[in-house]
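Peer 1: Residue numbers (the working numbering), protein chains in the order written: chain A, 1 to 100; chain R, 1001 to 1109; chain V, 2001 to 2125. Could you have a look at this structure, given as C-alpha cells, before my questions?
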Amino acid sequence: MILHTVNRSPFGSDCLQSCLDIATIDSGVILIEDGVYCALANTELTELISTALTRHKIYVLSPDLQARGIADAVAEGIEAVDYAGFVELCTQFDKVVSWY
Amino acid sequence: MLMVDGQTIPTDKEGYLKNLGDWSNTVATAIAQQEQIILTEQHWEIISLLRDFYQQYEVSPAMRVLVKTVGLQLGKEKGRSIYLMALFPESPAKVASKIAGLPKPANCL
Amino acid sequence: MTEQQPDPKKILFLNRRAPYGSSLPREALDAVLMASAFGQEITLVFLEDGVFQLKKQQDPSNIEMKNFSKTFGALALYGVESVYVEQRSMEKRGLTLDQLLIPAKIIQSSELGALLEEQDQVLSF
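Below, the structure written as C-alpha cells:
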C-alpha cells in the first residue's frame, strides 16, 4: 500500500489532481509544504477533497499548516500530524510516492 | 591534460576529453598510449562503433549494452566480454569510451 | 559492472516534467540507465507534461542543451521495454503515439494505481 505525499499548492499545480486520479482505494495521502493548501476548507476543492476522503485517509503536516497561518482552516476529515506522526505513517505504508 | 603534436588538450582527472570536439585519430592514439594500448584494426572497429553509438544516442553504452551492440553489428564472435576485455583490459566500456573521446559511461561504477 | 543482482527489483520511474525546463527529466533518464545496467526491472511512466519528453524532432542545440531525447532510442538495448504514457495527458496536449520517439503503451490513470502498487519502488521525477 502506498503513502502519497503532495507538496504543491493545488491552485497552480496538477499534483493533487494527478495523485487522486491514480491513488488506489485505501492508499494514504499526506499534504506537506505548500501541499497543505489542499487541506483548506471552503475552497473550490471542497468537493474533490470530500470525495477523496471517502476513498483515502488524508493527513496534513501541522508545522506546515501553522507556518502558513491556516491551522484553524482545515477541512473536516483531514487529520493533522506532527513530524513524528509523519515518520510513523511512512513506516506503516510499504512505499512512499511523492508528488512535487 | 594531454599533449598531442605540441598542442595541449584538456581532459578530466581520469583522462576523458573535456571537449568531445577535440577528438581525432591522433588524439585517440595518444589516449590509448596512456592506457598502454597500441591500437589495431580491431580496436578501431570498436572505437568507430562507439562513436556511432554516441552520435545516435547521446550516451556512452554500459558494458552489457556495448557487448550487445558489438554482437549485433560485428558478429557474435566479437560480441563477447572476453573479446572486448582482451582489446581494452580491465574495464572495456570505460577504456574504449575514453579512447573514443566520449564521456565515461555514467552507469559504470 | 559484473555484479549480478540475484533478486531484481521492480522500479517504476514516474516522469511528470517537460524536457528542458529543469534537470529532472535528464536525471531520471540517467537513473534509468544506471538501474537497468544493474539488471533491475524497469517501468517508465510519462504523465502530465512528462509526455513531452518523448516528442519526436527535439533539437535543443540552440538553447545550449544536450539532446537527451536521443537516448530514449537506446532504452531497448538497455532492456527497458515497459514504457507507458497516460491517456489524458496525451490527449490534453494533442499528442498521438506516432508523434513519439519510441513505442509506448497507452495507460489510463485508473490503471496506473495498480501498476504503482505492484512495484518495489516508485521514483518521481
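We treat Cβ as the ideally placed atom computed from N, Cα and C, and that holds for glycine. Remember, it's a predicted structure, so these values are computed and weren't measured experimentally.
By Cβ distance below 6 Å, which residues in the same chain neighbour R:R1051 in space, the five residues on each side in sequence not counted?
Peer 2: The residue given as residue 1051 of chain R occupies position 51 in the second sequence. These residues qualify, in order along the chain: A1100.
Peer 1: Measure the Cβ-Cβ separation of R:A1093 and R:L1066 and say whether it is below 8 Å.
Peer 2: Sequence index remark: in the second sequence, residue 1093 of chain R carries index 93 (1-based). Sequence index remark: in the second sequence, residue 1066 of chain R carries index 66 (1-based). Yes, Cβ-Cβ distance for R:A1093 and R:L1066 is below 8 Å.
Peer 1: Let's see if you can read the secondary structure: which residues bound the alpha helix (DSSP H) around V:V2085?
Peer 2: As a first step, residue 2085 of chain V must be located in the third sequence, where it is residue number 85. Segment S2082 to E2086 is the beta strand (DSSP E) holding V:V2085; no alpha helix (DSSP H) there.
Peer 1: Got a sec: which bits of the region 2049–2065 of chain V sit with their beta carbon under 7 Å from any beta carbon on chain R, in order along the chain?
Peer 2: Cβ contacts with chain R come from no residue of the region 2049–2065 of chain V.
Peer 1: Compare the C-alpha of V:L2123 against each of V:L2077, V:P2008, V:L2029 and V:G2079 and name the closest.
Peer 2: Counting from 1 along the third sequence, the entry for residue 2123 of chain V is found at position 123. For V:L2123, the nearest C-alpha among the options comes from V:L2029.
Peer 1: Quick one, which residues of the region 12–33 of chain A are near chain V if we go by CB-CB under 7 Å, in chain order?
Peer 2: Residues D14, S18, D21, I22, A23 and T24.
Peer 1: Taking only three categories from DSSP, how would you classify V:F2013?
Peer 2: Taking the third sequence and counting its residues from 1, the one referred to as residue 2013 of chain V is at position 13. Three-state result, V:F2013: strand.
Peer 1: Straight-line CA distance for R:T1008 to R:L1102?
Peer 2: By 1-based counting over the second sequence, the position of residue 1008 of chain R is 8. By 1-based counting over the second sequence, the position of residue 1102 of chain R is 102. Cα to Cα, the separation comes out at about 18 Å.
Peer 1: I need the straight-line Cα distance from R:D1012 to R:K1018, nearest angstrom please.
Peer 2: Within the second sequence, residue 1012 of chain R is the residue found at index 12, counting from 1. Within the second sequence, residue 1018 of chain R is the residue found at index 18, counting from 1. Cα to Cα, the separation comes out at about 6 Å.
Peer 1: Measure from the C-beta of V:N2067 to each C-beta in chain R and report whether the shortest distance is under 8 Å.
Peer 2: Position 67 of the third sequence, counting from 1, holds the residue named residue 2067 of chain V. Chain R contact via Cβ: present.
Peer 1: In angstroms with no decimal places, state the Cα-to-Cα distance between V:V2083 and V:A2076.
Peer 2: Against the third sequence, residue 2083 of chain V aligns to sequence position 83. Against the third sequence, residue 2076 of chain V aligns to sequence position 76. Cα-Cα distance, rounded: 10 Å.
Peer 1: Establish whether the CB of R:E1058 and some CB of chain V are separated by less than 8 Å.
Peer 2: Translated into the one-based positions of the second sequence, residue 1058 of chain R becomes position 58. Yes, R:E1058 lies at the interface with chain V (some Cβ there is under 8 Å from its Cβ).
Peer 1: When you compare each of A:H56, A:C19 and A:G12 to V:L2116 by their alpha carbons, which one comes out closest?
Peer 2: The count along the third sequence starts at 1 and reaches residue 2116 of chain V at position 116. Among A:H56, A:C19 and A:G12, the Cα nearest to that of V:L2116 is on A:C19.
Peer 1: Between the Cα of A:I25 and the Cα atoms of A:A52, A:L89 and A:E79, which residue gives the shortest distance?
Peer 2: Along the first sequence, read from residue 1 onward, the residue named residue 25 of chain A stands at position 25. That would be A:A52, whose Cα lies nearest to the Cα of A:I25.
Peer 1: Note down, in chain order, every chain R residue with its Cβ under 7 Å from the Cβ of V:K2070.
Peer 2: As a position in the third sequence, residue 2070 of chain V is number 70, starting the count at 1. The contacting residues are Q1056, Y1057 and E1058.
Peer 1: Could you pull the start and end residues of the beta strand (DSSP E) that A:A80 belongs to?
Peer 2: What you label residue 80 of chain A is simply residue 80 of the first sequence in a count that begins at 1. Taken as a continuous stretch (DSSP letters only), the beta strand (DSSP E) holding A:A80 covers E79 to V81.
Peer 1: Could you tell me whether the Cβ atoms of V:Q2058 and V:N2015 are closer together than 8 Å?
Peer 2: Position 58 of the third sequence holds residue 2058 of chain V. Position 15 of the third sequence holds residue 2015 of chain V. For V:Q2058 and V:N2015, no; Cβs fall outside 8 Å.
Peer 1: Helix, strand or coil for A:I25 per DSSP?
Peer 2: On the first sequence, residue 25 of chain A is found 25 positions in, with the first residue counted as 1. A:I25: coil per DSSP, three-state reduction.
Peer 1: In whole angstroms, give me the CA-to-CA distance for A:T91 and V:V2080.
Peer 2: Here the question's residue 91 of chain A lines up with position 91 in the first sequence. Here the question's residue 2080 of chain V lines up with position 80 in the third sequence. The straight-line gap from Cα to Cα measures roughly 30 Å.
Peer 1: Flag A:V97 as yes if its beta-carbon sits less than 8 Å from any beta-carbon of chain V, otherwise no.
Peer 2: Working through the first sequence from its first residue, we reach residue 97 of chain A at position 97. Judged by the 8 Å Cβ criterion, A:V97 is in contact with chain V.
Peer 1: Could you tell me whether the Cβ of V:Y2078 comes closer than 8 Å to any Cβ of chain R?
Peer 2: Sequence index remark: in the third sequence, residue 2078 of chain V carries index 78 (1-based). Closer than 8 Å: yes.
Peer 1: Any C-beta of chain A within less than 8 Å: which residues of the region 2099–2114 of chain V qualify?
Peer 2: Correct list: S2109, S2110, L2112, G2113 and A2114.
Peer 1: Enumerated in chain order, which unbroken segments of the alpha helix (DSSP H) with a length of 4 residues or greater are wholly contained in the region 40–100 of chain A?
Peer 2: Whole alpha helix (DSSP H) segments, 4+ residues: 46–55, 62–67 and 83–92.
Peer 1: DSSP three-state call for R:E1077: helix, strand or coil?
Peer 2: By one-based count along the second sequence, residue 1077 of chain R stands at place 77. Looking at R:E1077 - three-state DSSP - the assignment turns out to be coil, as it is neither helix nor strand.
Peer 1: Given a threshold of 16 other Cβ atoms within 10 Å of its Cβ, counted over all protein chains shown, does A:I103 qualify as buried or as exposed?
Peer 2: Look at the range of chain A in this structure, 1 to 100, and you will see that residue 103 of chain A is not part of it.
Peer 1: Please report the distance separating the alpha-carbon of A:A73 from that of A:A23.
Peer 2: Within the first sequence, numbered from 1, the residue matching residue 73 of chain A stands at position 73. Within the first sequence, numbered from 1, the residue matching residue 23 of chain A stands at position 23. Whole-angstrom Cα-Cα distance: 25 Å.
Peer 1: 8 Å is my cut-off, CB to CB: does R:A1096 come that close to chain B?
Peer 2: Any reference to chain B falls outside this structure, whose protein chains are A, R and V.
Peer 1: The beta strand (DSSP E) that contains V:V2122, what's its start and end?
Peer 2: By one-based count along the third sequence, residue 2122 of chain V stands at place 122. Taken as a continuous stretch (DSSP letters only), the beta strand (DSSP E) holding V:V2122 covers Q2121 to S2124.
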